[in-house]
Amino acid sequence: MIRLLVIALTALMATTAATSASAGEIKVKVAGRDTAAVHAEIVQAAKQLCQEDLFGNPYAVQIAPYCVRDVARDAISRAHSRDLIAYDKAQSRDVYFLKIATR
Numbered sequence: 009m010i011r012l013l014v015i016a017l018t019a020l021m022a023t024t025a026a027t028s029a030s031a032g033e034i035k036v037k038v039a040g041r042d043t044a045a046v047h048a049e050i051v052q053a054a055k056q057l058c059q060e061d062l063f064g065n066p067y068a069v070q071i072a073p074y075c076v077r078d079v080a081r082d083a084i085s086r087a088h089s090r091d092l093i094a095y096d097k098a099q100s101r102d103v104y105f106l107k108i109a110t111r
């Protein structure tokens, strides 16, 4: 059984003139926890990674929900848990929205 799931985000942002690459990683403990709690922590970690990655991007507000969804779903698929995948599919799109801080 997987005891620890590592969510990694590697993104190339081609929306600006100068492209930049950034990578982040957050470990989520899954051992002995219910599906809803693991899902919530994965989504929260994805939000944190995307917020860090999109900081300063002029299109962050439009990109953020897709970033969070893709990062979370990638992590969920790596967990190889049918329950977690089914739980994720049952969630509404609102779970992936992220408020981006603007300067």
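Numbering follows this note's numbering, with no gaps: position 73 of the sequence shown is 81.
Virtual Cβ for every residue (Gly too), placed ideally from N, Cα, C.
With a Cβ-Cβ cutoff of 9 Å, do residue i and residue j count as a contact?
{"i": "I50", "j": "A80", "result": "yes"}
{"i": "L57", "j": "I34", "result": "yes"}
Do you know offhand how far residue i's Cα is from residue j's?
{"i": "V46", "j": "V103", "result": "14 Å"}
{"i": "Q99", "j": "L92", "result": "11 Å"}
{"i": "Y67", "j": "Q59", "result": "12 Å"}
{"i": "D96", "j": "V38", "result": "15 Å"}
{"i": "A29", "j": "G64", "result": "In this prediction, A29 has a pLDDT of 44, which is less than 50 and means its spatial position is unreliable; what the coordinates show is noted afterwards. Their backbone Cα atoms lie some 14 Å apart in a straight line."}
{"i": "V36", "j": "A48", "result": "10 Å"}
On a Cα-Cα basis, can you pick out the residue from the options that is closest to residue i?
{"i": "I78", "options": "F63, N65, Q52", "result": "First, the residue type needs correcting, since residue 78 is Asp and not Ile in the sequence shown. Among F63, N65, Q52, the Cα nearest to that of D78 is on Q52."}
{"i": "G32", "options": "K55, A44, V38", "result": "K55"}
Hey, would you say the C-beta of residue i is under 8 Å away from at least one heavy atom of the ligand FMN?
{"i": "C58", "result": "Of the ligands one can find in the structure shown there are none, so the ligand FMN has no counterpart to examine."}
### Task
May I ask you to verify whether the region 63 to 75 touches the region 86 to 94, counting CB pairs closer than 8 Å and requiring at least 3?
no
### Task
Would you mind listing the beta strand (DSSP E) stretches within the region 26 to 62 that are 3+ residues and don't spill past its ends, in chain order?
28 to 37
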